[in-house]
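Novice: Protein chains in written order, with the working numbering: chain W, 1 to 271; chain X, 1 to 568; chain U, 1 to 522; chain H, 1 to 322. No residue lacks a Cβ here, since even glycine has one placed at the ideal position from N, Cα and C. Dropping the structure in here first, questions after.
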Ligand SMILES: Nc1ncnc2c1ncn2[C@@H]1O[C@H](COP(=O)(O)OP(=O)(O)OP(=O)(O)O)[C@@H](O)[C@H]1O
Ligand SMILES: Nc1ncnc2c1ncn2[C@@H]1O[C@H](COP(=O)(O)OP(=O)(O)OP(=O)(O)O)[C@@H](O)[C@H]1O
Ligand SMILES: [Mg+2]
Ligand SMILES: [Mg+2]
């Protein structure tokens, strides 16, 4: 008699929906970027526009559906990328230790010390902004957190007997690190990653807010949200739709994260 | 009036029953021993009685403590007020039962009545368990296993409970300490007329200490009787089997008569008698009908074909001599003047230690806890650097095949995220062997083959240790170092493992450095021993000679304190 | 505000800007203890000579004055100078008003004026106004209360130089030396003859001003003016909602509706003399081809943009000059618009646009980019809309948003063939923008002798009416080549506590001592 | 044996501080370089969208050494810094030190307050939730935290503004008040906004850590000895604190460096606000000063974390900090 795992179901539904948006927006929202300036802003409930339109007469809902891709894919890449960096460098730093450790943690400090806006702006200025550049920058800027998390966890694992047995088997450092330690720090890394996806989602929308996001005309939740702020008076849909999408998606990701984490050995996470 | 009564305990695990139809009675000042193989449900019984079952495990039944009666179905909260003063539990694993970041003194004081939390009181409590006052200021990780367990004992006694449940409280201790601790327990018991439930796998301890003995198997109680008769005239074939597996100190047996097979999981026990599959006397009736515990209150047995007195006597086949001394060719490894000092204030862990191990030899190292055995072992396998001294190996290349080690603590010795199969396969590959030897390897250490798919967390202590041994021998190392390999195992497994050791030595002409505190055990395996004391080697020689005429008085004391034969 | 409130009715490009539509009912100058005003962005220096931007002009207008000042119709009248005459084209003689004192009570002297001219001309102390004085030889005291300013070459536009709205704020040397050369910084502040004196200034936080009771122009109704910098528009609205502020200048037209719906709030609109238009860099292909420029110009549906993107607050621009700059010369608002109408008149016509492109060097279309300041959302929307329109002609316009500072670099840069200008006219001089946009080194790299000659002429033409003709003529000729596409003339909206109103609120109001005009409704 | 003896704490700290200085040096160069690579010309920015006169541009460039070659500019700047002179803001012509003085303090208060909120709310809730895992409290707070992580800070900020600033009219809507308690009062809403997402993270980390400890044998043993909840909590928390403490160190750095959005939303004159505008303006001296300041704060918090580690974990103390 197995209990129904409600959490993944509850979290799964919105994620599936967003996933569908990402994959099939072309079909679901064909005229997302279709302008109709003569219509201009219309409130929610306008015929043909359940959530109204923006200044350029674009349908808020379709725009949001089309916006899922750039809103979600980037953050996932960021979180996953920074986790990989974190796992690699964090494990090296924690297990090999010594000069490498110092070097790596200095590197992490350096990254942590850089003001995000500055980097974002400089890169925007250098390479004409660009979505993937922003993603790359954020990946790098997110990694120090993962590096430190992993490093801490690795140091905790390294002194345990099973690692010592592995040493006695004269397994290569590489194997000990990536076959033995990494799987046991993976839970904490994955938790951080899932949280990072949510953070990256918000971070990217925040960059749009400061004017360093995707270019105008590109459908993107963050972009839509910051554009929508001006329309609050005329069409609340413009801010509510992308806002809710961001919050719900991030929440669902976290929920999923927690559930997965509980399925991992909680002990490994705490150590 | 009874100090504690347990009626019809049932413990339910997530994947099935763990303990079934268990009841027991404790009298003030009396000791009841609960013996059984690992996985038989001893710890779960203890945890159920204290309301400390892990998540997902529930219990039913009634617990009567003096005048209070608690239904275990009511959950842990019902037992909370009783813990400490009424009954306390001393856990099995001294390595994890103390908080790593709190000073020992503090952890003892925590359970003391508020007004008694003074340094002098703590010092007294430490002294009670024969620890110096300085330990109060030390952290658990600075102490060896034995010392930790004594700290733990002091802590569990702090609130002066009426009933103490010791879950293998002396498993990790060496004989001298074990005797001291057991004597200590007995004394405290007398002083407070405290009831003691002693969970152990050491039949010697049970026989020597218990007024009554309960024998558990696969979550069932198979036999109950007075401490002096249960093993002299066992009624249940299983009890007899246990007794026979126990190694004698006097002579070295050709082969320990171990019980075949391994313990069934508590939930996939066969229909009929749970022991039937391993029982030589079992017939169809045994395999179909489940016997209940019956007989007069003093002597109860759950068996369709109990042994008669004459069938119950033990006929040991004594071996001709101790294993032949190996050809005194070049040493496999020779250690000279090894010294290791961890902290400036404490005495050195190793103090000018020199030993030699020759190919094919089985060498023992005995000594009390804290004497430096583990440190020496760690130095040998390169996990610890010695301050001074040299280690010379016959095998030039420093690879997996030079030396392997089996650790004392099984619970953390296996990678929690790897399946048993993966761990073993890896070890095999490290020794240049093939991964499809895994099933053979598992059988070799007496584990069901399906275990290859399991992860360590699903195994009981003993099962984990077997895996650890399997991993250590997988690369077929020239030297196998065993640091207390059987100290947390029950006798039948121990017997199997000791036989295994000897088999392995013959099959793979394995050289073994066997570290233990149990002379009877070491007796069965080794030819020569080194006796260590406070980081020095105080005596060494051929086992038999040493037994016959121990030179150093520490050695004498060691022999004297072997359980089973009362100190007289 | 209530729906009956006429100010909340949007739309209507009737182009009769300048007329302030405030709620009816009589109002009078009553003592107001504190007036809290929220600016949408901070100033880092309150002396406009140091830093560009509009908002320090609004602050300086309360603190210091020039020799002349525009009246509500944009006509220059005496300020610190009672009167002035022009004996010859390069000489201006100003007669100072008597009895003027600085906020510390000390009297204003001719030497102060001379010093202030020097200050405005100084490149390091006043980088932002120096260019305006480049043509000025110098100023000298030619009498107890008389100052003479001489120019290198004739320039009738100079009259607008010594005006607080534009390029001169009179102070005294001693104030500047007292703060060892610093002006307008939080430490130094800024002292003038205006109706208020600054009591505190914290960048990104705000400015506090106290009324000067000795002001020659009489006692202003507002005792203390608190200026707060609140960059986030929604926060500004909430601040008004909570009654923490009385007034908000240059509110976002997108959120005009929210402002209007805010409790006890009126929204006043007035042209802000701003010009918004496309710049083509005629030196950069394909914009060196007039057909391409025409094609794009014809594709601009300017009427709709004003209607939709500005909610009708603004009007379709037909020239570089804004109507308010000629209103006082040609008579009234309507006449001004009539005069400017013929200068640039290419109505939206997609077919014509396609035809133009067909004749061009790139009949199949082309790809270009345009840099838009993040501070100009309507412009971004305009270009997105334009991009959508011209897409079907095979023209791809990539709109890139960037910080305002990076946008400056796009102006007249060879990397940006397509750019735009959002220009705030400081003066009422009809030649203000063209003397940049049609003169040498203009962002369009546009050159035309005929136009150049006309520009030179108008500089010397003393008769305003004739001068306007020259200016209009010059623009007609130039705009025929479409180096620029005027899009719209902007309107500024100001939200104010409906207890108060601003006396004939117009394009020049905030550039003159505006708090003097705050009235309390009966 | 001296304070700087090998392996001693004193030496460790000294080494770390030295390393931090190097870090700052490297950072200053990188930022200086990056700023040079960005498009835009400060002198031009000063003039705004006007017809720039070459003379004026020249004069400004000369005044701020913008006409010098890159390396020379950098070393000029560095030299002055070593003499304690951080230069003058190009944009406002005010000495950087005076410009930063009270802004730092404000941002510091903001970060500090929201750190306090994060810790005082996140950690206790995390503990409580782990203690009653699966309880209503646990579920509800977990859900809240889950939403919290996802909520864009400016959205949260505006929401809080509307509810507490306008509806309930408890807190001021904007600005930083006039010093002392009033400022703290003004900072409450911004601080909450800032603490929202990161607080959720801290809550999760704490919960996870405590849950992990609760599974340990020593907890069961403690209970079996009849220790009171309070005492057991003491044991568990000390153990759980170690992973949590590290994260908290990062948190403060994160908060201190991440105040921009909130400062803009709530119209606060902090360094975040200043940085945002100075970067786009290319006001090099200001950006340099703020960057280094942020870096310094972050480095110091990191050091504090390690010292905290040293204080709470005897194993580390035994091993000594490397
Ligand atoms: N946390 C758990 N959840 C579910 N089942 C468990 C858990 N821990 C142990 N078990 C199972 O319960 C059974 C009894 O375990 P228990 O620890 O009581 O055995 P034991 O007699 O104490 O063995 P040992 O002598 O090794 O301590 C074992 O088969 C084990 O697999
Ligand atoms: N990492 C360590 N730090 C400090 N002291 C240590 C450490 N490891 C061991 N010691 C000390 O070294 C001495 C010997 O320890 P060791 O574990 O070798 O003894 P042992 O013979 O293995 O004891 P046991 O039989 O209980 O395992 C003990 O007094 C212990 O306190
Ligand atoms: Mg057990
Ligand atoms: Mg040992």
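1. Short of 7 angstroms in beta carbon distance, which residues of its chain neighbour residue 245 of chain W, apart from the five on each side in sequence? Order them along the chain.
2. At the 7 angstroms Cβ level, is residue 260 of chain W part of the contact set with chain X, yes or no?
3. Given 6 angstroms as the limit, tell me if residue 411 of chain X has its C-beta closer than that to any heavy atom belonging to ligand 4.
4. Residue range of the beta strand (DSSP E) that residue 10 of chain X falls in?
5. Return yes when the C-beta of residue 135 of chain H is under 6 angstroms from any heavy atom of ligand 3, and no when it is not.
6. Does the contact criterion of 3 or more C-beta pairs under 8 angstroms hold for the region 47–65 of chain X versus the region 229–241 of chain X?
7. Heavy atom of ligand 2 less than 6 angstroms from the Cβ of residue 136 of chain X, yes or no?
8. Against chain U, with Cβ distances strictly below 7 angstroms, would residue 56 of chain W count as a contact?
9. Any C-beta of chain U within less than 9 angstroms: which residues of the region 154–182 of chain H qualify?
10. Please report how far the alpha carbon of residue 337 of chain X lies from the alpha carbon of residue 223 of chain X, in whole angstroms.
11. Thinking C-alpha only, which one of W:206, W:204, W:157, W:165 is nearest residue 184 of chain W?
12. Does DSSP put residue 87 of chain U in a helix, in a strand, or in coil?
13. Considering only DSSP beta bridges, list what residue 422 of chain U is partnered with.
14. Of the residues that make up the region 112–142 of chain X, which ones have a beta carbon closer than 7 angstroms to any beta carbon in chain H?
15. What residues in the region 194–221 of chain U have a beta carbon less than 8 angstroms from any beta carbon of chain H?
16. Taking the alpha helix (DSSP H) that residue 55 of chain U belongs to, which residues open and close that run?
17. Quick one: which residues of the region 162–185 of chain W get their C-beta closer than 7 angstroms to a C-beta of chain X? List them in chain order.
18. Kindly say whether residue 205 of chain W, judged by its beta-carbon, lies nearer than 7 angstroms to any beta-carbon of chain H.
19. Taking the continuous beta strand (DSSP E) assigned at residue 393 of chain X, which residues delimit it?
20. Taking the CB atoms as reference points, tell me whether residue 197 of chain U and residue 212 of chain U lie closer together than 7 angstroms.
21. Please report the distance separating the alpha-carbon of residue 267 of chain H from that of residue 229 of chain U.
22. Where DSSP assigns a beta bridge to residue 12 of chain H, which residues make up the other side?
23. Within this structure, are the beta carbons of residue 493 of chain U and residue 267 of chain U separated by less than 7 angstroms?
24. Closer than 8 angstroms is the cut-off here; do at least three beta carbon pairs connect the region 471–479 of chain X with the region 503–515 of chain X?
25. Roughly how many angstroms separate the alpha carbons of residue 285 of chain U and residue 361 of chain U, rounded to a whole number?
26. Answer yes or no: do residue 166 of chain X and residue 90 of chain X have a C-beta to C-beta separation smaller than 7 angstroms?
27. Is residue 42 of chain X near ligand 3, in the sense that its beta carbon is under 6 angstroms from a heavy atom of that ligand?
28. Looking at chain H, is there any beta carbon in it that lies within less than 7 angstroms of the beta carbon of residue 170 of chain X?
29. Is residue 32 of chain X near ligand 1, in the sense that its beta carbon is under 6 angstroms from a heavy atom of that ligand?
30. Is any heavy atom in ligand 3 found nearer than 6 angstroms to the beta carbon of residue 92 of chain X?
31. Between the region 89–104 of chain U and the region 148–155 of chain U, are three or more C-beta pairs nearer than 8 angstroms?
32. Is residue 176 of chain X near ligand 4, in the sense that its beta carbon is under 6 angstroms from a heavy atom of that ligand?
33. Residue 61 of chain W to residue 238 of chain W, Cα distance in whole Å?
34. May I ask which residues mark the beginning and end of the alpha helix (DSSP H) holding residue 439 of chain X?
35. Should residue 524 of chain X and residue 252 of chain X be called a contact, given that it needs their Cβ atoms to be closer than 7 angstroms?
Specialist: According to the structure data:
1. Here residue 245 of chain W corresponds to residue number 245 of the first chain, with the count starting at 1. Within the same chain, residue 245 of chain W has close Cβ partners 64, 221.
2. For the purposes of this step, residue 260 of chain W is taken as residue 260 along the first chain, with counting starting at 1. Residue 260 of chain W does not count as touching chain X.
3. For the purposes of this step, residue 411 of chain X is taken as residue 411 along the second chain, with counting starting at 1. Answer for residue 411 of chain X: no, Cβ out of range of ligand 4.
4. Mapped onto the second chain, residue 10 of chain X falls at position 10. Segment 4–13, the beta strand (DSSP E) holding residue 10 of chain X.
5. For the purposes of this step, residue 135 of chain H is identified with residue 135 of the fourth chain, where counting begins at 1. For ligand 3, not one heavy atom lies less than 6 angstroms from the Cβ of residue 135 of chain H.
6. no
7. Your numbering for residue 136 of chain X matches position 136 in the second chain. No, the Cβ of residue 136 of chain X stays beyond 6 angstroms of every heavy atom of ligand 2.
8. Taking the first chain and counting its residues from 1, the one referred to as residue 56 of chain W is at position 56. So, interface residue.
9. 154, 157, 158, 161, 162, 165, 166, 169, 172, 173, 174, 175, 176
10. Counted from its first residue, the second chain places residue 337 of chain X at position 337. Counted from its first residue, the second chain places residue 223 of chain X at position 223. Their backbone Cα atoms lie some 52 angstroms apart in a straight line.
11. Position 184 of the first chain, counted from the start, is the residue given in the question as residue 184 of chain W. Of the listed residues, the one whose Cα sits closest to residue 184 of chain W is W:157.
12. Numbered from 1 along the third chain, position 87 holds the residue referred to as residue 87 of chain U. DSSP places residue 87 of chain U in strand when its eight states are reduced to three.
13. Taking the third chain and counting its residues from 1, the one referred to as residue 422 of chain U is at position 422. Paired residue(s): U:276.
14. 139, 141
15. 202, 203, 204, 205, 206
16. Mapped onto the third chain, residue 55 of chain U falls at position 55. Where residue 55 of chain U is concerned, the enclosing alpha helix (DSSP H) stretches over 55–63.
17. 162, 164, 165, 167, 168, 169, 170, 171, 180, 183, 184
18. Position 205 of the first chain, counted from the first residue, corresponds to residue 205 of chain W. At least one chain H Cβ lies under 7 angstroms of residue 205 of chain W.
19. As a position in the second chain, residue 393 of chain X is number 393, starting the count at 1. 388–393 is the span of the beta strand (DSSP E), which, as asked, contains residue 393 of chain X.
20. Here the question's residue 197 of chain U lines up with position 197 in the third chain. Here the question's residue 212 of chain U lines up with position 212 in the third chain. Against a cut-off of 7 angstroms, the Cβ pair of residue 212 of chain U and residue 197 of chain U comes out as a contact.
21. Here residue 267 of chain H corresponds to residue number 267 of the fourth chain, with the count starting at 1. Here residue 229 of chain U corresponds to residue number 229 of the third chain, with the count starting at 1. Roughly 7 angstroms between the two C-alpha positions.
22. Looking up residue 12 of chain H in the fourth chain gives position 12. Paired residue(s): none; residue 12 of chain H is not in a bridge.
23. Counted from its first residue, the third chain places residue 493 of chain U at position 493. Counted from its first residue, the third chain places residue 267 of chain U at position 267. Yes, they are a contact pair.
24. yes
25. Start at 1 with the first residue of the third chain, and residue 285 of chain U comes out as number 285. Start at 1 with the first residue of the third chain, and residue 361 of chain U comes out as number 361. One C-alpha to the other measures close to 9 angstroms.
26. In the second chain, the residue the question calls residue 166 of chain X occupies position 166. In the second chain, the residue the question calls residue 90 of chain X occupies position 90. A contact, by the Cβ cut-off of 7 angstroms.
27. Here the question's residue 42 of chain X lines up with position 42 in the second chain. At least one heavy atom of ligand 3 is nearer than 6 angstroms to the Cβ of residue 42 of chain X, so yes.
28. On the second chain, position 170 is the one that residue 170 of chain X refers to. No, its Cβ sits nowhere closer than 7 angstroms to a Cβ of chain H.
29. On the second chain, position 32 is the one that residue 32 of chain X refers to. No.
30. For the purposes of this step, residue 92 of chain X is taken as the residue at position 92 of the second chain. Yes, Cβ of residue 92 of chain X sits closer than 6 angstroms to a heavy atom of ligand 3.
31. yes
32. As a working note, residue 176 of chain X is residue 176 in the second chain. Checking the Cβ of residue 176 of chain X against ligand 4 gives no.
33. The residue you call residue 61 of chain W lines up with position 61 of the first chain. The residue you call residue 238 of chain W lines up with position 238 of the first chain. Cα-Cα distance, rounded: 9 angstroms.
34. Taking the first residue of the second chain as position 1, residue 439 of chain X is located at position 439. Per DSSP, residue 439 of chain X belongs to the alpha helix (DSSP H) from 438–444.
35. The residue given as residue 524 of chain X occupies position 524 in the second chain. The residue given as residue 252 of chain X occupies position 252 in the second chain. Yes; because the gap between Cβ atoms is below 7 angstroms, this pair is in contact.
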